[in-house]
Each structure stands twice: as structure tokens, then as C-alpha cells.
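Asks: To start, I am sharing the structure in question, which I have written as C-alpha cells.
There are 2 protein chains.
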Amino acid sequence: MVTIRDIAKRAGVSGSTASRALNNHPKISQKTRDKIKAIADEMGYLPNYNAKNLTNGVSNAIGVVFPPGEMSTASNPFYVDILMGINRELRPRNGVLSVAIANTMDELTANVAALISQGLIRYFVLLYSKKADPVIKLLREQKVDYVVIGDPNAEDECFVNNDNQLAGQKAGEYMLRKFNAKRTLFVESDPEQGFERKRRLGFQQAMTTAGIPSEVLKVSLKGQMKLDDAIAQFLMTRQTIDGIVTTDDRLGLMIYQLLWRQLDREVPLISFNRNRTNNLLMGPMVRFVELYPQTMGAAAVRVLVDPAKHSEMIPFTIER
Amino acid sequence: MVTIRDIAKRAGVSGSTASRALNNHPKISQKTRDKIKAIADEMGYLPNYNAKNLTNGVSNAIGVVFPPGEMSTASNPFYVDILMGINRELRPRNGVLSVAIANTMDELTANVAALISQGLIRYFVLLYSKKADPVIKLLREQKVDYVVIGDPNAEDECFVNNDNQLAGQKAGEYMLRKFNAKRTLFVESDPEQGFERKRRLGFQQAMTTAGIPSEVLKVSLKGQMKLDDAIAQFLMTRQTIDGIVTTDDRLGLMIYQLLWRQLDREVPLISFNRNRTNNLLMGPMVRFVELYPQTMGAAAVRVLVDPAKHSEMIPFTIER
DNA sequence: CTGTTAGCGCATTCAC
DNA sequence: GTGAATGCGCTAACAG
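In the order they appear, the protein sequences are chains V and R.
Heads up: the first sequence begins at 1 in full-length UniProt numbering, then just goes up one per residue.
Heads up: the second sequence begins at 1 in full-length UniProt numbering, then just goes up one per residue.
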């Protein structure tokens, strides 16, 4: 391992000068700075972050908090994309990504607590949003910075989000305008999650504006019942349905096919949360509200690191 | 922050004694050990791992390496479960979980390199398995320990895996025995991934043993074509099919429904890689080969930490 | 069994 | 602008 002293020696300066040069300390002549940086490069110097963190009393890591297993939602694959985005923004800053993940809220909270005190982590990204969250309570007590991906729970909370209501509205309008669908069914799974409710509200608003009654089907993914049958039955009584907007593409795939089978014709569909690896759901009448999870992850890091940034809304698009 | 000296002072001993007591050093009297631990507890002491790591020259973190985005496979949601399992085993040891994730192999390799030299991480879990992997090359050069989840690429490589061939065979036998299916179709997506090929081999072996010809359909998830149609067409020419075994439950969902629609009857299906949040695919004739990803993650940590352990095979079950 | 000393790699006083 | 000295929190010799 090549230390800062190695390069100091090689440059004929003291350790402190080398340190200052590498950290762009203002009172170092441009000349020595360049020289030292060149040598460091040449020797393949990489700072030891354990030492760095020890002296600064903080960590270069950010903690990413997954939702507890007990509240695991439908958007699982989303997370990996967010991680990718976070790391894309983190790597150039030489940050590392640590995760907290557990089955229960208690374990999760303990995990975060450990990261804070053992590792001195000062920045966190929450991959979920929940009111009265014990993790957030802890974070605030410890005065560490955090950003939630999703709806903020308090005024002063940093967040990265989509405009879900607008997205719902645009999806509805798209149905009307491009597919001329007059009886679109909105399918949601768990509207307690704020984002689903907002999408529905936006959708309903679009329908109201167009003077069209809107129909909503709630499919709880939690009950282990025979969804196929239940939904098929429901659809049977709604033969006039000529469009679907759904908040989850797995739900979408299912209903899409059920409806196709029943009506013997294809019905246009718009789905959120596209699963990139899931190109099973497609066709000329299928669209996705693309939310750009990687972009969201990257934005989270920016909001976290830049004290001036309080939040970022990530634009969406509707595409095939 | 309460340091080891604080508790030493309070206990009337020296720093090193306190350190030794807390680390269960053998040559500390049971009495002082208990006393010091009690005090530490009472004061809410938590070790500073940056300091610890600095002196030991190693990290308490393990690095989890995701497959590069460019080779992202179908098993995405699996990963989150594995993380959960890893952390379950890691937390009691006060370990932290860091991740390396990137879009390209180059970025990923750089990420891992940084974790090694900057963070001094000495243990890695690879969430994928690939021949001639540059990350593995790096890991071996740097002499850090790692374990792959999946097929090992070399004799001396530590791994955690399922017996995929046996699983394929059992799935085939299950079809024959429980569903009396004589013309089961095996659906695979990307057999270059070793595990898919093994499952197929096992399946074919079961069929051969039973004296039944086996049929295999390969559905590449990579081509952005209209799979629906292609598969429907294929199925049209195979009206005698009376069972399906598939390596991916999204594929399974699709084919299941397509076939149902075409034949107007339900066909038994066995799928791998169950997506826990995906209880859309079910019914009296649906089974899953449950691979227990959480258990796999936990096993990976054990293999990594225990020098005597070289590998672990995680048993599977076939269930509804 | 326990205390003293030294040092991990780095950043930061304080002098010059 | 630069160097020498100090300490972050902890562990590992080396005494005793």
C-alpha cells in the first residue's frame, strides 16, 4: 500500500505538504501541487479512507436503507436500478455505498444505528417512505442527513420524487388522445403507498376533465387468493372496458392477458414501474410511464451532498 | 462518542486492558472482563470501526458485487433477497455490507479495486458467475477472499449454489408423477447462464429415464421482438403439450396464460426463481422450485468467514 | 494477568 | 508556502 508519506518522500516534501496538495488546500503553490499529484498518480496512490475517516470523524460512505421485508412492495427490481444510479454519482466522489436491509423494522433500525455509530456514516438514502418511521426518527435524533426517495413526510425533509399525480393524469390523457379509450380501467394494488393514490388521483382528474366516469379496481397483492379468478370475474362484468392503466407491470401483464382472452381483442395498456428485464409485456398498444430509477438514485446523492439542494423532481416520459 | 478510554477510566484500568476485555482476549480475568463489559454496556459504548480497521489494516465490511448492467439477467428481484440473507448473517458479527454496482465491466472492476485499496475490504460476494471475469482476476491478484453465488469457475473457488441439475430432474419427475404429464415443454431463456443449462439437463435426464421425448423451447429475452406472437405460434404446433417447466416465473406466467388461452384448458406448470412479491402466478396446477435466496446469502457469508468452509449447496424444495 | 509505549495513515494546528 | 508535531480510537508488542 502506497501511503501519503511515500509520495512525500519521493517528492522531497513533508507529509503535511503532500496531504495539503492532494486535498487542494489553497495555500499550496500550483507548482508543488501539480508535481505531487503527478507523483501520486504515477505511484498509484489511493487514500486510505479508514485513516481519513478517523481523522475527520466522518465517513465517506452513504447508507442506503431498504424497506423492511415486512413491508416489501411490488417494486423490487426498481431498487437495483436506484443503487446503480446512486453509485454512478458516488464513485467519482470516491464514496462508498453501504446498505441497511432487514426483515423487521426493529432490525432495520438497529442496523442503521450501527452504521451511524460504528461507521460514522452521516448520509442516508431511504428507498421507501412511510409515516412515523422509526428509522427517520433515529436519523433526526442523531442529526444525520438523509433523503427519501418518494413522498416526504415532513416539510423540511429532503426528497427525490416523481410527480406521480401528473403522471397519472398524463397516462389518462394519453389513453383518451392516442387510443381513444372511453372506458379506461385504473388498476391499483396498495394505495396506502402514497404514490399509487396520487397516480389514481391524477388519472381520475383527467377522466373528470374529459367528462368520463372512471373505474378503479384494487387488487391487493397481499391476500394469497386466486387473483386470476377474482379479476376474471370482475372483468366479465365490465365488457365495455377499452383501456387499462396500471401501477405495476406485473399486474398489467396479467390483466392484459386476461382481458385479451376474455374479450378476444387487445386492449391498450399503460403501466408504471417498467421492469427493464421484463420485455414480455409489449405490443402496439402497450406503453410505459418511464420513471428513470437510475436518475433518481443519482439525484438522491446530489441532494444529499449539496447543502443548497433540498429536493429534486425527476421527469417521466410515456413511451413504448 | 464514548471511546474505549472513557470506559477504561471509569473502570480504573488501562486502555489496553479494556480493549482486550472487550475483544475477549484469553488472558483477561473473567472478573475484570465482566466488569468492563458491564460498564461498556452501561455507557453505550460502540467501537469505532474506522479506528479498528485502521489498526488492523483490514475492514469489517464485505463487498457485494452485482452483475454489470450490461449482463443483467432475468433474476433481478432475487438479489434483494440475497442481500437480506447476507446482512442477516453479517449484522451479529458487526459487519457492514458495501456494494459494487455499475453498468459496464470496466466501471465495476474499478469499483471493486477502489473498495479493496481505499476501504481495505478483504471479503467479496459475487452475485453472478461468469468465465474470464475481470473482477475475479482482480480479486485473485489482490489475494482477497471471495465467494460466488452460482457455478464456480475454478476448482479452488469458493461458492454457494443450488444443485440445479437435480432440481431440473426433480421438476421433471414431479410433472410425471403428480400431474401425469407426458409431453412437458421445457422453456429456457439464456442457457449460456450455466444454471439454466443444468436445469435443462436434469429435466431431460428425467424424461429420458421415463422413456419420454423431451421438448425444449428457447425464448431469448434479449431480442426486443414480439414474443407473444412467436411463442403463440410455436405453441400452436404443439397442441399435445400437457405440462410446462420454466426457468423464470415471468416467462412462466406468460406461457401459462398463452397456453391456457389457446388450449382453453389449464396446463400444469413448474417455475424456478419465484418472485415472492409476484403471487399472480398460481393455481392448483402451479408449483415452484423454491431456491431460498436468503439462505444462499447467509451461506455466502459463512463460507467467506470460515476458512474451513469451501462451499455450500442450498437445498431446494418444490411447492405451491 | 495488566500497564506502558508505539504506531496504523492522515489532517491539522502551530511555528517558521 | 512549507515543515514538525500532535492526535483521531484502537490494538499489539513489550515489559512486568
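Using N, Cα and C, we set each Cβ at its ideal position, and we do this for glycine too.
1) Can you pull the chain V residues whose beta carbon is under 7 Å from the beta carbon of R/Asn24, in chain order?
2) Is R/Leu138 closer than 8 Å to R/Gly168 when the C-beta atoms are compared?
3) For V/Asn53, which residues in the same chain have their Cβ closer than 7 Å to its Cβ, ignoring the five residues on either side in sequence?
4) Check for me: the alpha helix (DSSP H) holding V/Lys170 runs from which residue to which?
5) Spell out whether any CB of chain R is found under 8 Å from the CB atom of V/Phe66.
6) Report yes or no: is there a C-beta of chain V within less than 8 Å of the C-beta of R/Leu304?
7) I need the straight-line Cα distance from R/Arg177 to R/Asp249, nearest angstrom please.
8) Taking R/Gln204 as the query, report the chain V residues whose CB atoms sit under 8 Å from its CB, ordered along the chain.
9) Report the three-state DSSP secondary structure of V/Ala8 (helix, strand or coil).
10) Starting from the C-beta of V/Tyr123, find all residues in its chain whose C-beta is less than 6 Å away, skip the five residues before and the five after it, and write them out in chain order.
11) Is the distance from the Cβ of V/Val125 to the Cβ of V/Ala300 below 8 Å?
12) Just reading off the alpha helix (DSSP H) that R/Phe195 is part of, what are its end residues?
13) Can you find the residues in the same chain that come closer than 8 Å, C-beta to C-beta, to V/Arg20, ignoring five residues on each side of it along the sequence?
14) Could you tell me which residues DSSP pairs with R/Phe288 in its beta bridges?
15) Let me know if R/Arg88 comes out buried or exposed under the rule of 16 or more other beta-carbons within 10 Å of its beta-carbon.
16) Roughly how many angstroms lie between the CA atoms of R/Thr317 and R/Thr246, to the nearest whole one?
17) Is it a yes or a no for the stretch 259–274 of chain V touching the stretch 283–292 of chain V, going by three-plus beta-carbon pairs under 8 Å?
18) Checking contacts by CB at 8 Å: is V/Gln257 closer than that to chain R?
19) Short of 8 Å Cβ to Cβ, which residues in the stretch 88–121 of chain V face chain R?
20) Measuring only between beta-carbons, confirm whether V/Asn273 sits less than 8 Å from chain R.
21) Please decide whether V/Pro47 counts as near chain R, where near means a Cβ-Cβ distance under 8 Å.
22) Quick check: the Cα distance between R/Asp6 and R/Leu46, rounded to an integer number of angstroms?
23) Could you name the residues of the same chain whose beta carbon sits closer than 8 Å to that of R/Leu258, not counting the 5 residues immediately before and after it, in chain order?
24) Measuring only from the beta carbon, is V/Ala21 closer than 7 Å to any heavy atom that is part of the ligand NAD?
25) If you draw a straight line from the alpha carbon of V/Phe159 to that of V/Pro152, how long is it in whole angstroms?
26) How long is the line joining the alpha carbons of V/Ala100 and V/Ala11, rounded to whole angstroms?
27) Using a C-beta to C-beta distance shorter than 7 Å, which residues of chain V count as neighbours of R/Pro293?
28) Report the neighbours of V/Val286 on chain R: residues whose CB is nearer than 7 Å to its CB, in chain order.
29) Who are the neighbours of V/Pro315 on chain R, taking C-beta pairs under 8 Å?
30) Is R/Met236 close to chain V? Criterion is C-beta to C-beta, closer than 8 Å.
31) What does the alpha-carbon distance come out to for the pair R/Gln224 and V/Asp133?
32) Just how far apart, CA to CA, sit V/Ile39 and V/Lys31?
33) Should V/Gln193 go down as buried or exposed, given a rule of 16 or more other Cβ atoms within 10 Å for buried?
34) Would you tell me roughly how many angstroms separate the C-alpha atoms of R/Ile82 and R/Gly172, rounded to the nearest one?
35) At 3 residues or longer, what runs of the beta strand (DSSP E) sit wholly inside the stretch 36–104 of chain R?
36) R/Thr109 to V/Pro92, Cα distance in whole Å?
Replies: In short, the structure shows the following:
1) Under the 7 Å cutoff, chain V gives no residues; its nearest Cβ is about 18 Å from R/Asn24.
2) No, these two residues do not count as a Cβ contact at 8 Å.
3) Ser59, Asn60 and Leu120
4) Asn164 to Phe179 is the extent of the alpha helix (DSSP H) around V/Lys170.
5) yes
6) no
7) 22 Å
8) In chain order: nothing, as chain V lies at least about 25 Å away.
9) helix
10) Ile62, Asp145 and Leu304
11) yes
12) Gly194 to Thr209
13) Here the set comprises Lys27 and Ile28.
14) R/Ser271 and R/Glu319, per the DSSP bridge assignment.
15) buried
16) Cα to Cα, R/Thr317 sits roughly 15 Å from R/Thr246.
17) yes
18) yes
19) The residues in question are Arg88, Arg91, Asn94, Val96, Leu97, Ser98, Val99, Ala100, Ile101, Ala102, Asn103, Glu107, Ala110, Asn111, Ala114, Leu115, Ser117, Gln118, Gly119 and Leu120.
20) No - not a single Cβ of chain R is within 8 Å of the one on V/Asn273.
21) yes
22) 12 Å
23) Asp228, Ile231, Ala232 and Leu235
24) With respect to the ligand NAD, the structure offers nothing, as it holds no ligand at all.
25) In this structure, the alpha-carbon of V/Phe159 lies about 6 Å from that of V/Pro152.
26) A straight line joining the alpha-carbon of V/Ala100 with that of V/Ala11 spans about 42 Å.
27) Within chain V, not a single residue places a beta-carbon under 7 Å from that of R/Pro293; the smallest gap is close to 12 Å.
28) Correct list: empty, because the minimum Cβ distance to chain R is about 10 Å.
29) By Cβ distance, chain R contributes nothing, its closest Cβ being about 21 Å from V/Pro315, past 8 Å.
30) By this cut-off, R/Met236 is not an interface position.
31) The pLDDT assigned to R/Gln224 is 45, lower than 50, so where the model puts this residue is not dependable; a value taken from the coordinates is nonetheless given after this. Rounded to whole angstroms, R/Gln224 to V/Asp133 spans 41 Å at the Cα level.
32) 12 Å
33) Counting other Cβ atoms within 10 Å of its Cβ, V/Gln193 reaches 16 or more and is therefore classed as buried.
34) 27 Å
35) 61–65 and 96–100
36) If you take the alpha carbons of R/Thr109 and V/Pro92, they lie about 14 Å apart.
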